[in-house]
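Here the protein sequences come in this chain order: A and B.
Okay, so the first sequence: first residue is 748 according to the numbering used here, each after it adds one.
Okay, so the second sequence: first residue is 15 according to the numbering used here, each after it adds one.
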Amino acid sequence: MNFLPLWRYQNQLIDGAIVTLELTVIAALFGLLIGIAGAVALKGRIKSLRWLVRGYIELFRNTPSLIQIFIVFFVLPTFGLKLPAFEAASVALSLYFGAYSVEIIRSGLDSIPNSQVEAGHCLGLSGWQVFRHIVLPPALRNAYPAVTSQFVLLLLGTSLASQVAADELFHVAGFIESRTYRSFEVYAVICVVYFAMAMSFKALFALVGAAAFRWPRRR
Amino acid sequence: MRSFSLIDLVSLFAALRWTVVLVVLALAFGAPLALGLAMGRISRFAGLRWAMAGIIQVVQSVPLLGLLFFFYFGMPVFLGIHVPALVAVTVAYTLYTAAFLGEIWRGGLEAVKLAQWEAGSCLGLSLWQQFRHIIAPQALRLSLPPTVGFLVQLIKGTSLASILGFVELARAGQVVSAATFQPLLTYALVAAIYFALCLPLTLWSRSLEARLDGSR
C-alpha cells in the first residue's frame, strides 16, 4: 500500500470533484423543476397528463440509472441527437432525480390535511394565499428531509457518469489508476473524497433545515 | 456486424440469472448483518450504538460504485491472496444491503412504542423474548414496505457489477449492443427486463403501505 504516487494528481482530483458537484447541482435543479411540474400535473384535472406523469415516474424509478445514462448517450444519437458525455449524463440524471422529486413533492403537498385548506378558505383567504401561507410552509418542511437525502444519493449516483467518460471524479480515478497502477489506493482516496462531500452536504442540510423550519412541531 | 437475433435475446435472459444471483447473495449475507446493525442501533450501550451508526453512515455516504471498486481491488491488499470477483462484489453488495436495510429496520424497531417492551417485561419475558415475540413482529409489519422498496434499489444496483466486467444483465446488454450495432433495441430490451422485475415489487410495496395505513 503506497499512497505517495497519488500526491501529484491532487489537481485532477479537485477538478473531478468540481465537475461532480456541477453535475449534481445541474441534475438537482432540473430534477426539482421536473418534480414541481410533475406534482402540479398530478394534482391537475387533465387525466391524460396525469397518466403521462405516472408512466414517467414508474419508468424512471424502476430501471437502473446506469441504463438510462447509456440510453441517452448511445441511443439518442441514432435519432440524430448526439450529446457530449457531460450533457448526456446531466439529462439522464435530471430525469432520474425528477422522477423521485415528483413523488417527494406530491407527498409533501398531500401531507397537509384538507381541513386546513378549508379552514383557510373559511377565513376568506384566496386560493393563492391558502397555498402560500397554509399549504406551502409545512409541505416544504415535510418534504425537506426526503429531498435532501435524495440529493445526497444523487451526488453519489453521479459516479455512474464515468461510464460514458464524463470528466467527473470517478472518471478521474480511472485516469489516475491508468497512470499509477495503484488501483486500490486510488479508489480508497476517491471513496474518502465522496464521503467528505456527502457528509458536508448532510451537515449543511441539517443546519439549513434547523434554521429554516424552526417553528414548533405539532404534537 | 450482424443483426439482432434470437441468440441475443437468449444471452440477455441467460445473463439475467447473474443479476438474480447477486441479489440473492446480497440479501442472504446482508439481511442478517442488517438485523445486527439495527439491534446494535437500539442497544443500551452507547458505544455500540455509535459504532453501528458510524458503519451505516460511512457505507451510505460512499457511492455503490466506489464500494465495489474498493473491495474489488482492496480484498487482495487486505488478505494478501487473490479472491474471485464474485467474492469481492458480494462483500460490497452485502455491506450496501446491510447499511440500508439496517437503517430501515431500526426505524421499524424504534416505531414500536417503549411501553410494548415494558409490558413484555411485566409479563416476565426475557429481553430476547420481548424482542422475538412482541417487538419484532410489529416492527416487521412496519418496515416491510420500505424493505421491498429497497429490494428495487438493490436490483437496479446490481447493474453496477457490469462495470467490473461481471456479465449480468447490463453487461450482456453492452455486449449485444456492441455486436449488433443496435443500441436502441438492445437497451430498450434491457430496460424493459429490469422494469418487469422492479415494477411488481414497487406496486407490492405501495399496496403494503396502503394496507398498513388503513389499519392504524
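Each residue gets a CB set at the ideal place from its N, CA and C atoms; glycine is no exception.
Bear in mind that the values here come from a model prediction, so they are computed numbers and not experimental data.
At 9 Å on the CB atoms, spell out the chain B contacts of A/T825, in chain order.
Indexing the first sequence from 1 puts residue 825 of chain A at position 78. The contacting residues are Q196, P197, L198.
With a cut-off of 9 Å, does the C-beta of A/L751 fall near any C-beta of chain B?
Residue mapping note: residue 751 of chain A aligns to position 4 of the first sequence, counting from 1. So no, A/L751 is outside the interface.
Say whether chain B places a C-beta atom closer than 9 Å to the C-beta of A/Q759.
The sequence position of residue 759 of chain A within the first sequence is 12, counting from 1. It does not; no Cβ of chain B falls within 9 Å.
If contact means a Cβ-Cβ distance below 7 Å, which residues of the segment 81-110 of chain B contact chain A?
Those residues of the segment 81-110 of chain B that come within reach of chain A (Cβ to Cβ, closer than 7 Å) are F83, F84, F87, G88, V91.
Quick one: does B/P118 have its CB under 9 Å from some CB of chain A?
Locating residue 118 of chain B in the second sequence gives position 104, where the first residue counts as 1. The amino acid at residue 118 of chain B is misidentified as Pro; the sequence shows Ile. Not an interface residue.
Can you find a C-beta in chain A that's less than 9 Å from the C-beta of B/S219?
Indexing the second sequence from 1 puts residue 219 of chain B at position 205. Output row for B/S219: interface = no.
Let me confirm a value: A/T905 is counted as buried when at least 16 other C-beta atoms fall within 10 Å, else exposed. Which label applies?
Taking the first residue of the first sequence as 1, we reach residue 905 of chain A at position 158. The residue in question, A/T905, is buried, as its Cβ has 16 or more Cβ neighbours within 10 Å.
Hey, does A/S858 have any beta-carbon neighbour from chain B nearer than 9 Å?
Start at 1 with the first residue of the first sequence, and residue 858 of chain A comes out as number 111. With 9 Å as the cut-off, A/S858 does not count as an interface residue toward chain B.
Compare the Cα-Cα distances from A/R853 to each of A/L789, A/Q759, A/V911 and report the closest residue.
Stepping through the first sequence from its first residue, residue 853 of chain A is reached at position 106. Cα-wise, what sits closest to A/R853 is A/L789.
So, at 6 Å on beta carbons, what are the nonlocal neighbours of A/V849 in its own chain, with the 5 sequence-adjacent residues on each side left out?
Counting from 1 along the first sequence, the entry for residue 849 of chain A is found at position 102. Once the five neighbours on either side are set aside, the close Cβ partners of A/V849 are G782, G785, A786, I804.
Measure the Cβ-Cβ separation of A/F807 and A/L768 and say whether it is below 9 Å.
Here the question's residue 807 of chain A lines up with position 60 in the first sequence. Here the question's residue 768 of chain A lines up with position 21 in the first sequence. No, these two residues do not count as a Cβ contact at 9 Å.
Can you tell me whether A/M944 is buried or exposed, with buried defined as 16 or more other CB within 10 angstroms of its CB?
What you label residue 944 of chain A is simply residue 197 of the first sequence in a count that begins at 1. It counts as buried.
Out of curiosity, what's the CA-to-CA distance linking B/F209 and B/G171?
As a first step, residue 209 of chain B is located in the second sequence; it is residue number 195 there, counting from the start. As a first step, residue 171 of chain B is located in the second sequence; it is residue number 157 there, counting from the start. Using only the alpha carbons, I get a separation of about 13 Å.
Roughly how many whole angstroms lie between the Cα atoms of A/T927 and A/N749?
Taking the first residue of the first sequence as position 1, residue 927 of chain A is located at position 180. Taking the first residue of the first sequence as position 1, residue 749 of chain A is located at position 2. In a straight line, the C-alpha of A/T927 is about 11 Å away from that of A/N749.
Starting from the N-terminal side, write out each stretch of the alpha helix (DSSP H) that is 4 residues or longer and does not extend beyond the segment 184-223 of chain B.
Entirely contained in the segment 184-223 of chain B, not one alpha helix (DSSP H) run reaches 4 residues.
Apart from the five residues on each side of it in sequence, which residues of its chain come closer than 6 Å, Cβ to Cβ, to A/Y891?
Looking up residue 891 of chain A in the first sequence gives position 144. G956, listed in sequence order.
For A/W798, decide whether its Cβ has a neighbour in chain B, counting only Cβ atoms nearer than 9 Å.
Residue 798 of chain A sits at position 51 when you count from the first residue of the first sequence. It does not; no Cβ of chain B falls within 9 Å.
Tell me which residues share the same chain as B/R230 and place their Cβ nearer than 8 Å to its Cβ, disregarding the 5 neighbours each side in the sequence.
Walking along the second sequence from the start, residue 230 of chain B turns up at place 216. Interpretation of B/R230 is limited by its pLDDT of 49, a score under 50 that renders its predicted location unreliable; no figure is taken from the coordinates.
Could you tell me which whole alpha helix (DSSP H) segments of length 4 or greater appear in the segment 853-925 of chain A?
Counting only runs of 4 or more, we get 861-869, 883-904.
Please classify B/V126 as buried or exposed, where buried requires at least 16 other C-beta atoms within 10 Å of its C-beta.
Within the second sequence, residue 126 of chain B is the residue found at index 112, counting from 1. Per the 10 Å Cβ criterion, buried.
Please list, in chain order, the chain B residues whose beta carbon lies closer than 8 Å to that of A/Q897.
Position 150 of the first sequence, counting from 1, holds the residue named residue 897 of chain A. The premise fails here: A/Q897 is roughly 12 Å from chain B at the closest Cβ pair, so nothing lies under 8 Å.
What in chain A is Cβ-close to B/V35, meaning under 9 Å?
Taking the first residue of the second sequence as 1, we reach residue 35 of chain B at position 21. In chain order: nothing, as chain A lies at least about 17 Å away.
Under 8 Å by Cβ, that's how I've got B/V91 and A/F942 pegged, so tell me the actual separation to the nearest angstrom.
Counting from 1 along the second sequence, the entry for residue 91 of chain B is found at position 77. Counting from 1 along the first sequence, the entry for residue 942 of chain A is found at position 195. With 8 Å as the limit, B/V91 and A/F942 do not qualify as a contact, their Cβ atoms being about 19 Å apart.
Work out the CA separation of B/S157 and A/D762 for me, nearest whole Å.
Here residue 762 of chain A refers to the residue found at position 15 when the first sequence is read from its first residue. Here residue 157 of chain B refers to the residue found at position 143 when the second sequence is read from its first residue. Going from the Cα of A/D762 to the Cα of B/S157 covers about 41 Å.
Any Cβ of chain B within less than 9 Å of the Cβ of A/S841?
Taking the first residue of the first sequence as 1, we reach residue 841 of chain A at position 94. It does not: the Cβ of A/S841 has no partner Cβ on chain B nearer than 9 Å.
Can you pull out the residues from the segment 19-30 of chain B whose beta carbon lies closer than 7 Å to at least one beta carbon of chain A?
Here the close residues number zero.
Please tell me whether B/A29 and B/A186 are closer than 9 Å, where the distance is taken between their beta carbons.
In the second sequence, the residue the question calls residue 29 of chain B occupies position 15. In the second sequence, the residue the question calls residue 186 of chain B occupies position 172. Contact flag set, yes.
Roughly how many whole angstroms lie between the Cα atoms of A/F948 and B/S25?
Here residue 948 of chain A refers to the residue found at position 201 when the first sequence is read from its first residue. Here residue 25 of chain B refers to the residue found at position 11 when the second sequence is read from its first residue. About 42 Å.
Would you decide whether A/C869 is buried or exposed? Buried here means 16 or more other CB atoms lie within 10 Å of its CB.
Here residue 869 of chain A refers to the residue found at position 122 when the first sequence is read from its first residue. A/C869 is exposed by the Cβ-count criterion.
Which term fits B/P197, buried or exposed, when burial requires 16 or more other beta carbons within 10 angstroms of its beta carbon?
In the second sequence, the residue the question calls residue 197 of chain B occupies position 183. B/P197 should be labelled buried.
Could you give the DSSP three-state label for A/K829: helix, strand or coil?
Translated into the one-based positions of the first sequence, residue 829 of chain A becomes position 82. The answer is coil: DSSP assigns A/K829 none of H, G, I, E or B.
Looking only at its chain, what residues have a beta carbon closer than 8 Å to the beta carbon of A/S812, apart from the 5 residues adjacent to it on each side?
Taking the first sequence and counting its residues from 1, one reaches residue 812 of chain A at position 65. Hits under 8 Å: A839, L840, Y843, G904, L907.
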